[in-house]
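S.K.: Submitted below is the structure of interest, expressed as structure tokens.
2 protein chains.
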Amino acid sequence: MLRLYDYLPSGNGYKVRLLLTLLNIPFERVELDILKDETRTDVFLSKNPNGRIPTIELDSGEILSESGAILYFFADATPFFPEHALDRAHVLQWMFFEQYNHEPNIAVARHWIQHLGLDDNRQRALPERHKGGYAALAVMEKHLATHNYFAANRPTIADIALYAYTHVADEGGFELDRFPAIQSWLARIAGLPGYIPITKS
Amino acid sequence: MLRLYDYLPSGNGYKVRLLLTLLNIPFERVELDILKDETRTDVFLSKNPNGRIPTIELDSGEILSESGAILYFFADATPFFPEHALDRAHVLQWMFFEQYNHEPNIAVARHWIQHLGLDDNRQRALPERHKGGYAALAVMEKHLATHNYFAANRPTIADIALYAYTHVADEGGFELDRFPAIQSWLARIAGLPGYIPITKS
Chain A
1 MLRLYDYLPS GNGYKVRLLL TLLNIPFERV ELDILKDETR TDVFLSKNPN GRIPTIELDS
61 GEILSESGAI LYFFADATPF FPEHALDRAH VLQWMFFEQY NHEPNIAVAR HWIQHLGLDD
121 NRQRALPERH KGGYAALAVM EKHLATHNYF AANRPTIADI ALYAYTHVAD EGGFELDRFP
181 AIQSWLARIA GLPGYIPITK S
Chain B
1001 MLRLYDYLPS GNGYKVRLLL TLLNIPFERV ELDILKDETR TDVFLSKNPN GRIPTIELDS
1061 GEILSESGAI LYFFADATPF FPEHALDRAH VLQWMFFEQY NHEPNIAVAR HWIQHLGLDD
1121 NRQRALPERH KGGYAALAVM EKHLATHNYF AANRPTIADI ALYAYTHVAD EGGFELDRFP
1181 AIQSWLARIA GLPGYIPITK S
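Each protein sequence line maps, in turn, to chains A and B.
Residues in the first sequence are numbered from 1 upward in steps of one, following this note's numbering.
Residues in the second sequence are numbered from 1001 upward in steps of one, following this note's numbering.
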């Protein structure tokens, strides 16, 4: 069976769990506690030299990592990845935006506050993460003010990628009530048939 | 004609320039100086609300941003994006790795040293960027010790994405002579027919 190396609080892991569940693809989870460096063991590094979850292992033994690449792999030829070339590129555009502009600010602020704790260094660095995170949320809000979804007028893996850390941004100290279009969109994603919350295995 | 909003020193812009040139796709460049906030004008923000280059504008007026998404759009159905599903996902895996683990360390260190200058804050933050950048280079070196290219046994947009900032990593204070497999791979990419250097428009 498809194996997902995962860490339950991770939004990056949740993206994969959520898509696989929406697609009714069975999988087994292997929980690795990143706070205990369980992704840095020799065994795991032999599978993913970058030492990160989510990583998947196919029945063939082949390995794939990076949440965006895993989403693409399973969504291709499903309704979660559109057919037309420019629509597909727009899906990837928002997924790269998420990994570059959104996750390093919003997910990292959440990880610091919820898991690592705010020592002096992190406390000093937090305003810069909040500034970057709010800038990303503003870009999303502007788009969602005139679109129901991020690309192709339908829910795609761009929405799944952006939903994962946006819907728990309050855990990183972000005030989502400033963003009404984002809130409506979050409700649309949470209403998808087969939706699961972030902590459900 | 296809229009590329660009900034010549940008490795992200160079990725697009390099691929379009390798594919013999004509384009016109619009140079925007990011140091003068020329990507933050109302006119440009109406095209890309995220205010970043590279951004392309098609003849139809449609807009696409994020270097990885632009590479995908033009490489699909060419030899630079493979056919098989898992190969394609591996290409994207390395492209997401580049944007998350590589660029924020190696490109940012280069941008600080070459363009913004090392004030006290950046001087204090530089070791963390070097640590992250060297970790990314080590992951690349490990892969390239047993592979000529990053995916599908051929040059793909994963190589183009990773080449852009790796080949100028010395400008960010990184010592590439520690990484012999990376150096051989850099020479293979620079030998591709149609190759252009980063500063050529």
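Just so it is clear, CB atoms sit at the ideal spot from N, CA and C, and this is done for glycine as well.
#1: Leaving out five residues on either side along the sequence, give the residues of the same chain with a beta carbon under 6 angstroms from the beta carbon of tyrosine 5(A).
#2: Please report the straight-line C-alpha distance between arginine 88(A) and aspartate 120(A), rounded to a whole angstrom.
#3: At which residues does the beta strand (DSSP E) containing tyrosine 1005(B) begin and terminate?
#4: Any heavy atom of the ligand NAP closer than 8 angstroms to the Cβ of threonine 21(A)?
#5: Using the DSSP secondary-structure output, state which residues sit across from valine 1030(B) in a beta bridge.
#6: Taking a cut of 7 angstroms between CB atoms, which residues from the stretch 41-53 of chain A lie near chain B?
#7: Between the stretch 1109-1140 of chain B and chain A, which residues of the former have a C-beta closer than 7 angstroms to a C-beta of the latter?
#8: Answer with yes or no whether the minimum CB distance from glutamate 175(A) to chain B is below 9 angstroms.
#9: Starting from leucine 1064(B), trace the beta strand (DSSP E) in both directions and tell me its first and last residue.
#10: Would a C-beta distance cut-off of 9 angstroms place alanine 1152(B) and histidine 1102(B) closer than the cut-off?
#11: Give the C-beta separation of tyrosine 163(A) and isoleucine 189(A) to the nearest angstrom, bearing in mind that I take them to be a contact with Cβ-Cβ under 8 angstroms.
#12: Looking at the strands, I want to know which residues DSSP matches up with alanine 1151(B).
#13: Take every Cβ of the stretch 1098-1114 of chain B, pair it with every Cβ of the stretch 1164-1183 of chain B, and state whether three or more of those distances are shorter than 8 angstroms.
#14: Assign tyrosine 1007(B) to one of two classes, buried (16 or more other C-beta atoms within 10 Å of its C-beta) or exposed (fewer than that).
#15: Does the beta-carbon of serine 60(A) have 16 or more other beta-carbons within 10 angstroms, so that it is buried, or is it exposed?
#16: Would you report the Cα separation of glycine 132(A) and valine 139(A), rounded to the nearest angstrom?
#17: Going along chain A, which residues have a C-beta under 9 angstroms from asparagine 1101(B)?
#18: Is there at least one Cβ from chain B nearer than 9 angstroms to phenylalanine 27(A)'s Cβ?
#19: What is the DSSP secondary structure of threonine 1146(B), reduced to helix, strand or coil?
#20: Against glutamate 1062(B), what residues of chain A qualify as contacts under a CB-to-CB distance less than 8 angstroms, listed in chain order?
#21: Could you say which of Pro180(A), Glu128(A) and Ile160(A) lies nearest to threonine 146(A) if we only look at CA atoms?
#22: Using a Cβ-Cβ cut-off of 8 angstroms (strictly less than) and excluding sequence neighbours within five positions of valine 91(A), which residues of its own chain qualify?
#23: Is it buried or exposed, leucine 1058(B), if we count other Cβ atoms within 10 angstroms and call 16 or more buried?
#24: Once the 5 residues before and after isoleucine 1198(B) are set aside, which same chain residues still bring their CB inside 6 angstroms of it?
M.R.: Looking at the coordinates:
#1: Mapped onto the first sequence, residue 5(A) falls at position 5. Answer for tyrosine 5(A): Val30, Leu32, Ile53 and Thr55, listed in chain order.
#2: For the purposes of this step, residue 88(A) is taken as residue 88 along the first sequence, with counting starting at 1. For the purposes of this step, residue 120(A) is taken as residue 120 along the first sequence, with counting starting at 1. So the two alpha carbons sit approximately 43 angstroms from each other.
#3: The count along the second sequence starts at 1 and reaches residue 1005(B) at position 5. Its beta strand (DSSP E) spans residues 1003-1006.
#4: Summarising the ligand content, the structure contains no ligands, and the ligand NAP is consequently not present.
#5: Your numbering for residue 1030(B) matches position 30 in the second sequence. Bridge partners of valine 1030(B): Tyr1005(B).
#6: Pro49 and Asn50
#7: Val1139
#8: Residue numbering aside, residue 175(A) sits at position 175 when the first sequence is read from its first letter. Glutamate 175(A) does not count as touching chain B.
#9: For the purposes of this step, residue 1064(B) is taken as residue 64 along the second sequence, with counting starting at 1. Element bounds for leucine 1064(B): 1063-1065.
#10: As a first step, residue 1152(B) is located in the second sequence; it is residue number 152 there, counting from the start. As a first step, residue 1102(B) is located in the second sequence; it is residue number 102 there, counting from the start. Against a cut-off of 9 angstroms, the Cβ pair of histidine 1102(B) and alanine 1152(B) comes out as no contact.
#11: Here residue 163(A) refers to the residue found at position 163 of the first sequence. Here residue 189(A) refers to the residue found at position 189 of the first sequence. That pair is a contact at about 5 angstroms.
#12: Counting from one through the second sequence, the residue named residue 1151(B) turns up at place 151. Its beta-bridge partners are Arg1154(B).
#13: yes
#14: The residue labelled residue 1007(B) in the question sits at position 7 within the second sequence. Buried: at least 16 other Cβ atoms inside 10 Å.
#15: Translated into the one-based positions of the first sequence, residue 60(A) becomes position 60. By the neighbour-count rule (16 or more Cβ atoms within 10 Å), serine 60(A) is not buried but exposed.
#16: To locate residue 132(A), count along the first sequence from 1; it is residue 132. To locate residue 139(A), count along the first sequence from 1; it is residue 139. Going from the Cα of glycine 132(A) to the Cα of valine 139(A) covers about 11 angstroms.
#17: Within the second sequence, residue 1101(B) is the residue found at index 101, counting from 1. Here the neighbours are Asn50 and Arg52.
#18: Translated into the one-based positions of the first sequence, residue 27(A) becomes position 27. Not an interface residue.
#19: As a position in the second sequence, residue 1146(B) is number 146, starting the count at 1. In the structure shown, threonine 1146(B) sits in coil (DSSP, three-state: anything other than H, G, I, E or B).
#20: For the purposes of this step, residue 1062(B) is taken as residue 62 along the second sequence, with counting starting at 1. In chain order: Leu86.
#21: The residue labelled residue 146(A) in the question sits at position 146 within the first sequence. Out of Pro180(A), Glu128(A) and Ile160(A), Pro180(A) has the C-alpha closest to the C-alpha of threonine 146(A).
#22: Position 91 of the first sequence, counted from the first residue, corresponds to residue 91(A). Here the set comprises Phe81, Pro82, Phe150, Ala151, Ala152, Thr156, Ile157 and Ala158.
#23: On the second sequence, residue 1058(B) is found 58 positions in, with the first residue counted as 1. By the 10 Å Cβ count, leucine 1058(B) comes out exposed.
#24: The residue given as residue 1198(B) occupies position 198 in the second sequence. Taken in chain order, the residues that qualify are Tyr1014.
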